[in-house]
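Q: Oh and the sequence shown: position 30 is 30 in the UniProt record's numbering, straight run, nothing missing. Take a look at the following structure, please.
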Amino acid sequence: MRSLPQSMHDRARRLAEVHPLATVAELLRVHPSQVTRMKKRRWIAPPDGRPVRTMPSDFAIQAGHMNQRELVDHYGAGSHTIVRWCRELRERRVHP
């Protein structure tokens, strides 16, 4: 389910003061369960995305002798995360 901006939560809160939640959902063109979830969160939007996983302190050592697949298995991270860590490592070496 897509995340809605805080402005949409504010609008839903104002509409909910005078309309039932089903009507609010219809007016905002969202599923009624989303409006219920907004209300349970006290009309506060959740933070965007997941927190970014930081590079482990020994990554530079391990990356020197492991390939990407081995790094994924070793750290239990996704391949996109490993690629990002490699890019950050290269940038650190170029710009100390």
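Yeah, the Cβ is synthetic: ideal placement off N, Cα and C, and Gly gets one too.
If contacts are defined as beta-carbon pairs under 8 Å, then Lys39 and Ala16 qualify, I think. What distance do you get, rounded to the angstrom?
A: So it is a contact: roughly 7 Å between Cβ atoms.
Q: On the CB-based measure, 16 or more other CB atoms within 10 Å of its CB, does His31 come out buried or exposed?
A: The residue in question, His31, is exposed, as its Cβ has fewer than 16 Cβ neighbours within 10 Å.
Q: Looking at the unbroken alpha helix (DSSP H) that takes in Leu89, where does it start and where does it end?
A: First-last of the alpha helix (DSSP H) with Leu89: Ser79 to Val94.
Q: Compare the beta carbon distance of residue 104 and Ala60 with 8 Å and say whether it is the shorter of the two.
A: For residue 104 there is no data in the structure shown, the boundaries of the chain being 1 and 96.
Q: Is the beta carbon of Ala77 less than 8 Å from the beta carbon of Arg53?
A: The answer is yes: Cβ separation under 8 Å.
Q: Where does Ala25 sit, in a helix, a strand or coil, going by DSSP?
A: Helix.
Q: So, with DSSP's three-state summary, where would you put Pro47?
A: Of the three classes helix, strand and coil, the one that applies to Pro47 here is coil, per DSSP.
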